[in-house]
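Read in order, the letters of the sequence shown are residues 210 to 372 in the numbering used here.
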Amino acid sequence: MQPPDWQRCTEAELWRYVAWHLEGEGIRSVLVGGAVVAIYTEGLYRSGDLDMIADDVNRHHLEAALAAIGFVPTRSRYYKHPECPHLFLEFPRGPVEIGEQYPVVPAEIEFDGRTLRLLSPTDCVKDRLAGYIHWKSRASLDQALLVCCQQRGRVDLVAVRDW
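If you want it as structure tokens, here you go:
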């Protein structure tokens with residue numbers, strides 16, 4: 210897989226590149242957080258970082274796998290590519306959960322022969338609403354509404370209501 214244009218890449222392009230390489234190293238990951246909003250709103254929202262939850266099984270190989278594609282650790286769980294000034298990676302500990310909802314089954318897409326995972330549009334909306342409820346963040350509510358508008362027909366509003 211070709212690397213993205215580091216100077217201009219979107220969250221979606223960077224996620225596909227990183228997740229594809231991690232999958233090739235046997236590290237299963239799930240994209241969560243604001244970068245999922247950026248993907249489902251096709252760039253109307255920009256996150257600035259990618260939160261990826263890596264499985265615990267091969268997590269000890271994470272730093273080497275990221276180094277192989279040019280990422281260096283900055284502090285804590287952050288990784289930056291020297292040619293990509295506008296986006297960075299973070300790897301919070303799992304499991305993937307939304308409020309009290311566990312387990313969360315991620316959406317899967319096939320990309321260049323590998324399976325990549327991210328929150329579904331419905332779970333993305335729940336995640337943003339959880340941020341609104343917990344932190345009283347109006348921005349999180351706005352993001353949830355933006356995903357609902359951009360992903361009409363893909364957000365299960367009954368599931369959101371029941372959650």
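Glycine included, each C-beta is placed from N, C-alpha and C at the ideal position.
Query                                                                                                                                                               : Result
Going by alpha carbons, who is nearest to E299 out of A339, V314 and M261?                                                                                          : M261
DSSP three-state label for L328, please.                                                                                                                            : coil
Would you check if there are 3 or more beta carbon pairs closer than 8 Å linking the stretch 277 to 288 to the stretch 318 to 329?                                  : no
Measure the beta-carbon distance from A244 to D258 and round it to whole angstroms, keeping in mind my assumption that it falls under 8 Å.                          : 7 Å
Give me the DSSP bridge partner(s) of L298.                                                                                                                         : L259 and Y288
Taking one C-beta from the stretch 239 to 255 and one from the stretch 215 to 231 each time, how about it: are there three or more such pairs within less than 8 Å? : yes
Tell me whether E309 sits in a helix, a strand or coil according to DSSP, three-state version.                                                                      : coil
Of the residues E292, D371, D351 and D365, which one's Cα is nearest the Cα of V246?                                                                                : D351
Looking at the structure shown, is R217 part of a helix, part of a strand, or coil, going by DSSP?                                                                  : coil
Give the DSSP bridge partners of I318, in chain order.                                                                                                              : L325
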